[in-house]
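I have placed the structure first, in the form of structure tokens, so that the comments after it can refer back to it.
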Amino acid sequence: MTSPVENVAQGERKRPISPWLQLCPPGTVELDLRFGPVGAAQLSPDGPVVLLDQRARSRRRLRRTARELGVVLEREFVVLPTLDRPMVVVDDVEEAIKYFWTAVATVPPGFAFALPASACLGLARLAPWRWTGALAPARVVVGRRR
Numbered sequence: 006m007t008s009p010v011e012n013v014a015q016g017e018r019k020r021p022i023s024p025w026l027q028l029c030p031p032g033t034v035e036l037d038l039r040f041g042p043v044g045a046a047q048l049s050p051d052g053p054v055v056l057l058d059q060r061a062r063s064r065r066r067l068r069r070t071a072r073e074l075g076v077v078l079e080r081e082f083v084v085l086p087t088l089d090r091p092m093v094v095v096d097d098v099e100e101a102i103k104y105f106w107t108a109v110a111t112v113p114p115g116f117a118f119a120l121p122a123s124a125c126l127g128l129a130r131l132a133p134w135r136w137t138g139a140l141a142p143a144r145v146v147v148g149r150r151r
């Protein structure tokens, strides 16, 4: 596994590598839809691609962009809380989302708002699993251009 910081020229600011790129093959192109539309010219044919977005309705936007670019999606992830400061990256499949809400998500002890936070967590555990991916704006999709 590579270092979590890119190698950059001396004197330049070091930017952390996205955690999902650690799981991708070398040469993977990361395209961030937060900064505007992306074009097929940025991609190599048959190359691995990571698309990311953090705005409302990101699931729909990422899938549409992948389709327009000819990218076949292999995995979809929900990133919590944000793309810039990811603490949890959860596969957007039923088993992983349910496991996250039942075994990982918790309210810290002594938290001033423990009762309301516990109520919100209880509601999240009862909600349909697809709501997590639909409501959480930060998403990452991994695929390959065909």
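Residues in the sequence shown are numbered consecutively from 6, following our numbering. Where is the CB? At the ideal position from N, CA and C, for every residue including glycine.
Between which two residues does the alpha helix (DSSP H) carrying residue i extend?
| i | result |
| --- | --- |
| P121 | A119 to L131 |
| I102 | E99 to Y104 |
Using the beta-carbon count (16 or more within 10 Å), is residue i buried or exposed?
| i | result |
| --- | --- |
| V147 | buried |
| T107 | exposed |
| L136 | Here the sequence assigns Trp to residue 136, which means Leu is not the residue at that position. Exposed. |
| R144 | buried |
| V83 | buried |
| D89 | exposed |
| L140 | exposed |
| E73 | exposed |
| R64 | buried |
| E81 | buried |
| D97 | buried |
| V76 | buried |
| F105 | buried |
In the structure shown, what three-state DSSP assignment does residue i receive?
| i | result |
| --- | --- |
| R150 | strand |
| V109 | helix |
| R144 | strand |
| A71 | helix |
| S63 | helix |
Starting from residue i, trace the beta strand (DSSP E) both ways and give me its first and last residue.
| i | result |
| --- | --- |
| L57 | P53 to D58 |
| R80 | V76 to P86 |
| L26 | First-last for L26: undefined, no H or E at that position. |
| L140 | No beta strand (DSSP E) contains L140, which is instead part of the alpha helix (DSSP H) from R135 to L140. |
| V94 | P91 to D96 |
| L38 | Unbroken run through L38: none, as it is neither H nor E. |
Note down, in chain order, each residue of its chain lying with its Cβ closer than 7 Å to the Cβ of residue i, except the 5 sequence neighbours on either side.
| i | result |
| --- | --- |
| P24 | P91 and V94 |
| T70 | L38, V43 and L56 |
Keeping to the same chain, check which residues put their C-beta closer than 6 Å to that of residue i; ignore five residues upstream and five downstream.
| i | result |
| --- | --- |
| A119 | V112 |
| C29 | P53 |
Can you name, in chain order, every residue of its own chain whose Cβ lies under 8 Å from the Cβ of residue i, other than the five neighbours on each side?
| i | result |
| --- | --- |
| A101 | V95 |
- prompt: Would you say the segment 121-130 touches the segment 42-54, given that touching needs at least three Cβ pairs under 8 Å?
  reply: no
message: Contact between the segment 54-69 and the segment 27-41 is defined here as three or more beta-carbon pairs at a separation below 8 Å; is this criterion met?
response: yes
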